[in-house]
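For the sequence shown, UniProt numbering assigns the number 1 to the initial residue and increments by one for each residue that follows.
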Amino acid sequence: MIRRIIAEQGRVPTRSSQRASSVPADRRGTSRSPGTGDAFEARLVRRIDDEISKRGVIDCLRKGVEEGPVRFELMYFRPVNTENPDVEEQFKANIFSVMRQVKFSQATEQSIDAVLFVNGIPIVTTELKNELTGQNVYHAIRQYQNDRDPDEKLFSFKRCMVHFAMDTSEAFMTTELKSERTFFFPFNKGYELGAGNPPVEGKHKTHYVWEDLWAPDSLADLLQFFAHAYDEVREDRLGREYKQPVQLFPRYQQWRTVLDLLTASRESGAGQNYLIQHSAGSGKSLTIAWLAHRLVNLFDDNNKRVYDAVIVLTDRRVLDKMLREIIRALSSTPGVFVPAGEDGVRLKDALEGDAQIISTTIQKFPFVNGLVNQLSTKKFALIVDEAHASQSGELTRAVQDRLSADGSEDWLLEQVNSRQQPGNISYFAFTATPKHETLERFGQKQTDGSFMPFSLYSMKQATEEKFILDVLTNYTTYKTYFKLLKKAAEDPTVPRARALSAILRHVNLHETTMEQKIDVIMAHFEMTVRELLRGESKAMIVTSSREAAARYKLALDRYLREHNYPHKTLAAFTDSVNIDGISYTETGGIGNPMLEGTMA
């Protein structure tokens, strides 16, 4: 690549506006003095190497590298429409290649099974195992963890987009190698609602990785729209904020869901409904953020925008944060994202103006739906993050009165069904456990008359892939002894089941019982669990009811204060809970920090 730059560009340009490319469109017959090209080549190679080490390969491929007055484009990306055929030709000039048994160390003869390159720059490494030889994907993972030194340039953080470990049945990936602490995410389709991959006649189960994901168009799309690195603000165990560099790469269901929704939207246009049933642990916030960014850059075959604006309805601050970060990383245009929140004036201005991605709360749905209906010349995509809607503690009283005991899903369905869907709006509804009515309203009708979600990532798959825990597989029994004191003079007869339930409820929610259990829980947490979390995950206490969740939250906070622990707690429950005459919601009175807070 570098030799081609030197040969075709001749000598170093001197104008500050001059730009060069690693894949130039034409040749220039400029002469050069002896030695000039060699010196420039060496300097440019060092510059590219230094910039990739400092900024990461993704940023360098997107924004190029400057050497003196010249900026070199290291890769051309496909345009979002076909109005500029020259840009399309530049994209086709990219050189995607693969090399087997790549030696990565000057000190040893070690090699990695395969590396994928774009224009000579490595972007993907992979360790491949064949189960017929007695090795599988877990041998590949251990090889990365034990034999692939992250201090080696090829394996250092952000030098590659992603690292894959795979065999003929399963695939796993990571964006950061940290020796034995490296965590690999499954990159599998799922099989029979669980983990793994389905059998395919005449092909290996992981054929989709090299046939689809590693195809040149797909790799370019991943580099342009999915993968990105940024500094994530986190808190340590003492509550102090710090920045943690992270690099994102989609899991299979995130990548496939976004691409399938783009294809459907391009083919069908506005006025459609899509139900995305993704369990907890699916990485739904990222899926929504990636989808929102892609939808506003989606064009049909006539180079017309499919949607003029995308509206994200959510009550989660973490999703606003993720949207802002992804838009900042992937777009150079200011003002693309407008977090309107509860501000009706700002929301109205954004909808009527040029804002492309707008986030607001679920409770603004009637207002949004009514206004976009009036703006009939514009086309909108409404992404509804419904799964968390009922967890907001800031519902207006009018909305609370409309909510049934079943929560906000019924209310949202009522809002949608009460209005005829206009042709300029498409709904993208995300939920973990849709009701039958939700499936009928947003799902895809099957030939047998049933309805299915457009995309499904099941709780079974999330559990088997260990993104959520099955609380019934690992538990410790705790026996509670108590005495009953008879206070009534008479001896009434009551149904045994009802009486036993009332007695156990009273005992389990009694302050003394809870304090004793919290002693045991915290001892176990401090001795066993805390070090496993490393400040990156949360421990969970599963309770028998919403009231129990609220009471444990209050009691645990009291315990942490009394024992000077720095940990924070979160409580998750729907609607409101009445305790001793006081009404508590998730964000009202219960003392929850921001929903993206962490424990330990």
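The beta carbon of each residue, even a glycine, is placed where N, CA and C say it ideally should be.
### Task
Return the residue from the list Ser169, Ser359, Thr82 and Leu132 that minimises the CA-CA distance to Ala309.
Ser359
### Query
Looking only at its own chain, which residues have a Cβ that is under 8 Å from the Cβ of Phe77, when we skip the five neighbours before and after it?
Arg62, Phe91, Ala220, Leu223 and Gln224
### Opening and closing residue of the alpha helix (DSSP H) in which Lys92 lies
Pro85 to Lys92
#### Entry: Backbone CA spacing between Ala107 and Thr133 [nearest angstrom]
Approximately 29 Å, taken between the alpha carbons.
### Task
Measuring alpha carbon to alpha carbon, tell me which of His207, Glu127 and Ala350 ends up nearest Met99.
Glu127
### Message
Three or more C-beta pairs under 8 Å: does that hold for the region 273-285 against the region 452-463?
### Response
yes
### Query
What is the C-beta distance between Ile541 and Tyr552, in whole angstroms, given that I count them as a contact (C-beta under 8 Å)?
6 Å
### Message
So the candidates are Ala329, Asp315 and Ala195; which of them puts its Cα closest to the Cα of Phe467?
### Response
Ala195
### Query
Taking one C-beta from the region 278-295 and one from the region 378-387 each time, how about it: are there three or more such pairs within less than 8 Å?
yes
### Query
Is the distance from the Cβ of Cys160 to the Cβ of Pro122 below 7 Å?
yes
### Message
Quick check on Ile582: does DSSP put it in helix, strand or coil?
### Response
strand
### Query
What three-state label does DSSP hand Lys538 in the structure shown?
coil
### Message
Are the CB atoms of His204 and Thr168 within a distance shorter than 7 Å?
### Response
Yes, the Cβ-Cβ distance between Thr168 and His204 is below 7 Å.
### Message
Can you look up Thr82 in the DSSP assignment and give me helix, strand or coil?
### Response
coil
### Message
Quick check on Pro566: does DSSP put it in helix, strand or coil?
### Response
When secondary structure is reduced to three states using DSSP, Pro566 falls in the coil class, being assigned neither helix nor strand.
### Query
Arg47 and Glu67 look like a contact to me (Cβ under 8 Å); what is the Cβ gap, rounded to whole Å?
With a Cβ gap of about 5 Å, Arg47 and Glu67 count as contacting.
### Query
Taking the alpha-carbon positions, what's the Asp354 to Asp301 distance?
Those two C-alpha atoms are separated by around 23 Å.
### Query
Where does Glu465 land, buried or exposed, given buried means 16+ other C-beta within 10 angstroms?
buried
### Query
If you drop the 5 nearest sequence neighbours on each side, which residues of the same chain put their C-beta closer than 8 Å to that of Asp217?
Only Arg78 meet the Cβ criterion.
### Query
For the candidate residues Ala572, Arg251 and Lys445, whose alpha-carbon lies nearest to that of Ala462?
The shortest C-alpha separation from Ala462 is found at Arg251.
### Local Cβ density within 10 Å of Glu511, reported as buried at 16 or more and exposed below that
exposed
### Query
Among residues of its own chain, excluding the 5 on either side of Asp580, which ones have a beta-carbon nearer than 7 Å to its beta-carbon?
none
### Query
Given a threshold of 16 other Cβ atoms within 10 Å of its Cβ, counted over all protein chains shown, does Leu403 qualify as buried or as exposed?
At Leu403 the pLDDT is 32, less than 50, meaning the model places this residue with poor confidence; the figure from the coordinates comes in the next sentence. Flag for Leu403 reads buried.
### Query
Once you ignore the five residues that flank Asn81 on each side, which residues in its own chain have a CB closer than 6 Å to its CB?
Phe299 and Asn303
### Query
Where does Leu313 sit, in a helix, a strand or coil, going by DSSP?
strand
### Task
Starting from the C-beta of Gln110, find all residues in its chain whose C-beta is less than 8 Å away, skip the five residues before and the five after it, and write them out in chain order.
Lys103, Phe104 and Asp147
### Query
Got a sec, what are the start and stop residues for the alpha helix (DSSP H) Asn373 sits in?
Phe365 to Gln374
### Task
Please classify Asn197: is it buried, with 16 or more other beta-carbons within 10 angstroms of its beta-carbon, or exposed?
buried
### Query
Does DSSP put Ile95 in a helix, in a strand, or in coil?
coil
### Query
Run through DSSP, which three-state label would Glu211 get?
helix
### Query
In chain order, what residues of the same chain lie with their CB nearer than 7 Å to the CB of Ala340, ignoring the 5 residues before and after it?
Arg346, Leu347, Ala350, Ile358, Ser359 and Thr360
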